[in-house]
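The sequence shown stops at residue 243 when you use numbering that gives the first Met the number 0, and every number in between is there. Heads up, the beta-carbon is just placed ideally off N, CA and C, and yes, glycines get one too.
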Amino acid sequence: MTAQKDLDTRDRILRTAARLLAEADGEPVSTRAVCTAAGVGAPTLYHHFGDKRGLFDAVAAYGFETYLASKRAQRSTGDPVDDLRRGWDLHVEYGRTNPAFYTLMYGTPRTPPIAAEAHRILLGLVDAAARAGRLRVPAGTAARMIHAAGVGVTLALIAAEAGQADGEPGNEADGAADDELSERTREAVLAAVTVPREGEGDAQRTSAARAVALRAALAADPPKRLSAPEAALLGEWLDRIADG
Numbered sequence: 000m001t002a003q004k005d006l007d008t009r010d011r012i013l014r015t016a017a018r019l020l021a022e023a024d025g026e027p028v029s030t031r032a033v034c035t036a037a038g039v040g041a042p043t044l045y046h047h048f049g050d051k052r053g054l055f056d057a058v059a060a061y062g063f064e065t066y067l068a069s070k071r072a073q074r075s076t077g078d079p080v081d082d083l084r085r086g087w088d089l090h091v092e093y094g095r096t097n098p099a100f101y102t103l104m105y106g107t108p109r110t111p112p113i114a115a116e117a118h119r120i121l122l123g124l125v126d127a128a129a130r131a132g133r134l135r136v137p138a139g140t141a142a143r144m145i146h147a148a149g150v151g152v153t154l155a156l157i158a159a160e161a162g163q164a165d166g167e168p169g170n171e172a173d174g175a176a177d178d179e180l181s182e183r184t185r186e187a188v189l190a191a192v193t194v195p196r197e198g199e200g201d202a203q204r205t206s207a208a209r210a211v212a213l214r215a216a217l218a219a220d221p222p223k224r225l226s227a228p229e230a231a232l233l234g235e236w237l238d239r240i241a242d243g
């Protein structure tokens, strides 16, 4: 019973901190406010989370868990590039809907272990595009570009929407530009890292795209007749072709 009571208390503190953060409109949330709202003393909070950073690290992890619920539920469209497009939109929408959580997750140097799952999901989408011969750059490079651009756009939109909520001067043109920012950036990044399907516009398979596709296929099903040094050398050659 004591262990369960501890878990219940920890969960109550965590959810209280998450709620206060969401209601704070960007203002800092104190541990005293959390303790008061959760009905616990400071020693109890510190027992469960160590300090204020530990508490908000846990809140960030909680935010990632709610974010990943939608990512895990994402089903393939049958087109790996469209899957990347949908993944981008889900990411941006989560940030705009949950700005306090998102800023804590991506606007501060917090990397809870669960954040690695978000990265693995992105890598999985990118690898699927690579295996289909749709990437023009190495998979790792594509993932980093998509992640950096997506986070930057989302934080920019959060800041713009916070300014509008505070009554800063603006006009309809500014609002339209904000609405288009995510889509335009998404398409620019996808155009930079992917190639069209066969038969769609300039769909010529470049040697780089073919190298990326072969690299992804070999990573998924390593060639058994190559020694480890030979496989490593082949991977290096393919990476050099892809980077070219």
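- In the structure shown, the three-state DSSP call for L225 is coil.
- Linking I145 to R85 through their CA atoms gives a straight-line distance of about 12 Å.
- Non-local beta-carbon contacts of A17 in its own chain, meaning distances under 7 Å to residues more than five positions away in sequence, involve V58 and Y61 in chain order.
- Annotation for S69: the continuous alpha helix (DSSP H) segment containing it runs K51 to R71.
- DSSP places E116 inside the alpha helix (DSSP H), whose first and last residues are A114 to R130.
- L134 is bridged by DSSP to T193.
- Counting along the chain, the unbroken alpha helix (DSSP H) around P79 starts and ends at P79 to T96.
- Segment contact: the region 189–196 against the region 222–229, fewer than three CB-CB distances shorter than 8 Å; contact not assigned.
- Following the DSSP letters along the chain, one finds A210 inside the alpha helix (DSSP H) bounded by residues S206 to A219.
- Take the alpha-carbon of G40 and the one of F48: they are about 13 Å apart.
- It is roughly 12 Å from the alpha-carbon of Y66 to the alpha-carbon of H118.
- In the structure shown, the three-state DSSP call for P111 is coil.
- Around the C-beta of D126, 16 or more other C-beta atoms lie within 10 Å, and the residue is accordingly described as buried.
- The C-alpha of L20 lies about 6 Å from the C-alpha of A99.
- DSSP places R14 in the helix class (H, G or I) of the three-state scheme.
- Counting the other Cβ atoms within 10 Å of the Cβ of G123 gives fewer than 16, which makes it exposed.
- The C-beta of G53 has fewer than 16 other C-beta atoms within 10 Å across all chains shown, which makes the residue exposed.
- Rounded to the nearest whole angstrom, the CA to CA distance from A212 to R143 is 18 Å.
- An exposed status is given to R71, since fewer than 16 other beta-carbon atoms sit within 10 Å of its beta-carbon.
- Relative to R109, the option among E186, F63, W236 and R185 whose CA is nearest is F63.
- Only exposed fits A115, as fewer than 16 other CB atoms lie within 10 angstroms of its CB.
- The DSSP-derived three-state label of E26 is coil.
- When the Cα atoms are used, T184 and D82 turn out to be separated by approximately 16 Å.
- With respect to the C-alpha of K51, the residue from Y101, V28 and S69 having the closest C-alpha is V28.
- With contacts defined as CB atoms closer than 8 Å, P137 and A230 fail to qualify as a contacting pair.
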